[in-house]
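Trainee: Residue numbers (our numbering): 50 to 114. Below are the structure tokens for one structure; questions will follow.
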Amino acid sequence: MIIGRRTSDGNQTVQILNYLGQKLYHNSNFKGDAIEVSSLENGIYLLRYSDQDEFSIERFVVQHN
Numbered sequence: 050m051i052i053g054r055r056t057s058d059g060n061q062t063v064q065i066l067n068y069l070g071q072k073l074y075h076n077s078n079f080k081g082d083a084i085e086v087s088s089l090e091n092g093i094y095l096l097r098y099s100d101q102d103e104f105s106i107e108r109f110v111v112q113h114n
């Protein structure tokens with residue numbers, strides 16, 4: 050599974066956090082690149098995007114078959 054999000058200017062920071070708040074991934078120059086998440090264990094994670102003006106948090110689930 051790959052997570053990706055387009056950005057217009059590449060000035061975003063993206064993080065993947067587990068539900069304990071531990072940072073599992075960090076990219077401070079995110080440009081909409083794909084993020085490989087196949088190494089994550091099954092579970093619920095938070096994807097946090099931020100730029101100069103705002104931030105958003107999205108929840109996603111990893112479920113390996």
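Each residue gets a CB set at the ideal place from its N, CA and C atoms; glycine is no exception.
Suppose you measure from the CA of E98 to the CA of R108; what does that come to, to the nearest Å?
Mentor: For this step, residue 98 is matched to residue 49 along the sequence shown. For this step, residue 108 is matched to residue 59 along the sequence shown. Per the sequence shown, the amino acid found at residue 98 is Tyr instead of Glu. Going from the Cα of Y98 to the Cα of R108 covers about 11 Å.
Trainee: What residues in its chain sit with their C-beta under 7 Å from that of L66, if we drop five residues either side in the sequence?
Mentor: Translated into positions along the sequence shown, residue 66 becomes position 17. K72, L73, Y94, L95 and R97.
Trainee: Specify the secondary structure class of E85 as computed by DSSP and reduced to three states.
Mentor: In the sequence shown, the residue the question calls residue 85 occupies position 36. It is a strand residue.
Trainee: Within a Cβ cutoff of 6 Å, which residues of the same chain sit near V63, ignoring the five residues on either side of it in sequence?
Mentor: In the sequence shown, counting from the first residue as 1, residue 63 sits at position 14. Hits under 6 Å: N76, F79 and Y98.
Trainee: Using a Cβ-Cβ cutoff of less than 6 Å, which residues in the same chain neighbour S105 once the five nearest sequence positions on both sides are dropped?
Mentor: Mapped onto the sequence shown, residue 105 falls at position 56. Cβ neighbours of S105 beyond the five flanking positions: Y98.
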